[in-house]
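So the protein lines, in turn, are chains A and B. Our numbering applies: residue 10 is where the first sequence begins, and numbers increase by one. Our numbering applies: residue 10 is where the second sequence begins, and numbers increase by one. Using N, Cα and C, we set each Cβ at its ideal position, and we do this for glycine too. Remarks on the structure that follows.
There are 2 protein chains.
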Amino acid sequence: MAHVCKIINGKGLAEDIQTNLAKKISNFRVKPKLAVILVGHDPRSEIYIEFKKKACEEVGIDVKTIEFEDNIKQVRLERTIDELNNDEDVHGILVQLPLPKQIDEKKIIELINPMKDVDGFHPINIGRIMGNIETGLTPATPKGIMRIIDSIGHELEGKNVVVVGSGYLVGRPMLGLLLNRKATVTVCHQSTKEIEDFTLNADVLVVGVGKPGLITKDMVKKNAVVIDAGIATVENKVVGDIDFDEICKVAQYVTPTPGGVGPMTIAMLLENTWQAMRMQHGYKDY
Amino acid sequence: MAHVCKIINGKGLAEDIQTNLAKKISNFRVKPKLAVILVGHDPRSEIYIEFKKKACEEVGIDVKTIEFEDNIKQVRLERTIDELNNDEDVHGILVQLPLPKQIDEKKIIELINPMKDVDGFHPINIGRIMGNIETGLTPATPKGIMRIIDSIGHELEGKNVVVVGSGYLVGRPMLGLLLNRKATVTVCHQSTKEIEDFTLNADVLVVGVGKPGLITKDMVKKNAVVIDAGIATVENKVVGDIDFDEICKVAQYVTPTPGGVGPMTIAMLLENTWQAMRMQHGYKDY
């Protein structure tokens with residue numbers, strides 16, 4: 010029998026979530042408002058912000074964009090966070106990363122009110138995930154990946170999950186979410202000598218490095234679920250970390266790029282903004 | 010040539026740390042003070058508290074013990090935490106776990122001022138570790154294990170480290186510390202089907218489950234470093250998770266129980282109390 014690989018439609022999933030969210034937002038008395046801080050003119054950051062703003066608009070989230078030049082001082086940025094924390098009309102604060110070198114990025118993130126931390130990068134939000142308290146705000150990409158895995162009805166308990174990439178925004182929060190579901194989890198990264206020794210045993214493989222072609226067919230277990238959260242641009246085309254066409258020949262499920270994890274990341278940011286607003290108004294259901 | 014396995018002297022290491030700490034404390038104008046909350050009469054908790062109090066006394070840390078009956082109400086415990094947070098003379102707060110069932114343990118931990126959280130279990134302290142910010146308070150057992158690994162001069166970058174046990178107090182914080190050192194990390198636990206598939210590839214094996222005999226010789230890679238953080242009582246003897254005598258025949262380094270991780274956990278608690286006091290007095294070196 011020929012091998013059948015299912016391509017996960019992240020874009021479709023995200024659209025369903027956004028349609029549902031737009032309905033909830035239009036039925037509620039308060040319109041969520043997201044403050045977006047963009048520092049400098051990194052073309053990639055500018056593109057991401059445009060995507061996020063457009064998506065917010067579509068579901069009915071107000072966006073207030075605050076732009077700064079590259080040479081902004083730490084204290085100025087801190088003051089802005091402080092103002093946004095105290096602004097009752099602002100429910101979510103998103104600081105587009107990376108920030109310029111003179112800025113202490115981690116300090117800025119810690120200053121954001123955890124209830125407004127829609128990126129979920131505040132240590133208290135990360136720490137809660139590690140403590141299996143998933144009632145706070147969860148980083149959008151890992152949250153989107155969990156939703157993708159759930160969408161295919163994949164039970165994680167006892168499964169061997171390998172995460173390639175140990176970054177603060179994807180790999181590390183992913184870990185906590187996977188442990189909360191009782192998966193056996195391995196994290197590989199730049200310093201791992203033979204990544205394939207690990208990936209070949211993965212029932213579920215999550216990759217988020219940003220290095221096109223990193224994961225090839227011979228590194229993937231037969232009938233694995235392969236989630237590609239990598240993103241890079243090659244010859245003006247957006248590509249992930251996996252050798253998609255070839256991996257389709259062995260995997261059972263695989264996410265495409267574009268149209269896989271990316272749209273889900275945006276959908277989860279919107280959901281987090283809604284959740285932040287609801288929390289700030291004392292609601293416990295989102 | 011006969012196999013030589015080195016037994017790591019955790020007790021000796023801890024004693025050196027405590028001697029050094031006692032000197033620093035006696036030379037400083039403020040005596041650190043630790044508040045210990047003990048709820049109920051769990052015999053194991055009572056023994057642990059006695060160990061901790063004795064060690065504090067030896068290095069010159071004052072201890073204030075607050076005892077409650079098993080039926081204490083959440084609100085009463087919360088009020089006590091609040092009082093201790095606001096008491097300038099108290100530098101560290103330790104709530105002996107586990108707490109009785111009617112108590113929301115995670116909520117109690119989140120109420121502790123992170124600067125006084127000498128157990129390092131507050132989500133913000135865990136989250137900082139995950140974000141590679143190790144300037145806060147680090148959970149004592151994982152911190153002690155890192156110190157043990159350092160004591161044998163073992164470089165972790167690129168090494169394959171397997172942690173057995175995904176608990177909130179040992180396994181999970183351990184993960185962050187190991188990733189910060191660029192180890193490839195796998196976490197196994199109750200739901201892992203074939204633990205030996207993972208442990209057999211571990212250059213460093215960290216076990217913290219509390220199940221005597223869990224790790225046998227045939228599950229350990231030749232010349233591995235084996236750190237046993239498990240603790241249980243069998244026939245009135247304190248034992249770890251590993252089959253110590255047999256594992257000595259294959260491992261390069263191994264920690265004994267008692268005398269391995271246990272004393273280091275206590276030493277790290279003392280160090281954390283000193284660090285908490287120093288932080289509260291505005292010092293950045295501990």
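Coil, strand or helix - residue i by DSSP
i, result
"A/L184", "helix"
"A/L178", "coil"
"B/L47", "strand"
"A/L106", "coil"
"B/G136", "helix"
"A/K42", "strand"
"B/D159", "helix"
"B/G219", "coil"
"B/E119", "helix"
"A/C14", "coil"
"A/A285", "helix"
"A/E203", "coil"
"B/Y57", "helix"
"A/G129", "coil"
"A/L214", "strand"
"A/D71", "strand"
"B/N141", "coil"
Proximal residues to residue i (C-beta, below 8 Å), its chain only, five neighbours per side dropped
i, result
"A/K220", "G239, A241, D250"
"A/I157", "I17, G19, L22, I236, T264, G269, V270, M273"
"A/P123", "H131, I133, N134, G145, L146"
"A/G167", "K191, A192, T193"
"B/D252", "G222, I224, T225, K226"
"B/H300", "Since the first residue of chain B shown is 10 and the last is 295, residue 300 of chain B is not available in this structure."
Distance, residue j Cα to residue i Cα
i, j, result
"B/K15", "A/N80", "54 Å"
"A/G180", "A/V213", "14 Å"
"A/K32", "A/D159", "22 Å"
"B/Y177", "B/P132", "10 Å"
"B/L278", "A/P151", "33 Å"
"A/I90", "A/E78", "16 Å"
"B/V48", "A/V248", "56 Å"
"B/D25", "B/V68", "11 Å"
"A/L86", "A/G162", "43 Å"
"A/K246", "A/R53", "13 Å"
"A/T208", "A/L188", "18 Å"
"A/K40", "A/I34", "7 Å"
"B/N36", "B/I58", "26 Å"
"A/V350", "A/T201", "Given that chain A is displayed from residue 10 to residue 295, the structure contains no residue 350 of chain A and the question cannot be resolved."
"B/I204", "B/M228", "8 Å"
"B/T74", "A/Q105", "47 Å"
"B/E255", "B/E280", "34 Å"
"B/R287", "A/E55", "43 Å"
"A/R88", "B/C197", "44 Å"
"A/D113", "A/E76", "18 Å"
"B/D206", "A/E119", "39 Å"
"B/V173", "B/A11", "29 Å"
"B/V84", "B/L30", "36 Å"
"A/E164", "B/Q199", "16 Å"
For residue i, the nearest candidate out of the options (CA to CA)
i, options, result
"B/I46", "B/E92, B/D294, B/V248, B/M183", "B/E92"
"B/K82", "B/V68, B/T193, B/K62, B/Q111", "B/Q111"
"A/P182", "A/P148, A/K42, A/N95", "A/P148"
"A/A260", "A/V99, A/V215, A/A285, A/I154", "A/V215"
"A/Y262", "A/A233, A/I75, A/I34", "A/A233"
"A/G222", "A/V243, A/N36, A/P107, A/H50", "A/V243"
"A/I102", "A/K61, A/N245, A/A11, A/C197", "A/K61"
"B/S175", "B/V218, B/F37, B/E59, B/I204", "B/V218"
"B/M155", "B/C65, B/A64, B/A276, B/N95", "B/A276"
"A/T28", "A/E55, A/A64, A/A11, A/I56", "A/A64"
"A/N95", "A/H12, A/D206, A/A44", "A/A44"
Cβ-Cβ separation, residue j to residue i (assumed contact under 8 Å), whole Å
i, j, result
"B/K226", "B/K258", "6 Å"
"B/W283", "B/Y292", "Not a contact, Cβ separation roughly 10 Å."
"B/L108", "B/I121", "B/L108 to B/I121, Cβ: 13 Å. No contact."
"B/K115", "A/G140", "6 Å"
"A/L184", "B/L186", "Incorrect: roughly 13 Å between the Cβ atoms, too far for contact."
"B/T195", "A/T195", "4 Å"
Close Cβ partners of residue i (< 6 Å) along its chain, the five nearest in sequence each way excluded
i, result
"A/G129", "L146, T147, P148"
"B/K42", "D71, D98, V99, H100"
Close-in-space but distant-in-sequence residues of the same chain around residue i (CB under 7 Å, 5 per side omitted)
i, result
"A/N169", "T193, N210, A211, D212"
"A/Q289", "H100, M124"
"A/A285", "H100, G101, M124, K125, V127, L146"
"B/G153", "V270, M273, T274, A276, M277"
Near the ligand PLP: residue i beta-carbon under 8 Å from a heavy atom
i, result
"B/K33", "By its list of ligands, the structure shown contains no ligand whatsoever, and the ligand PLP lies outside what it can speak to."
9 Å Cβ cutoff, residue i in contact with chain C
i, result
"A/M139", "Reference to chain C is not applicable here, since the protein chains of this structure are A and B."
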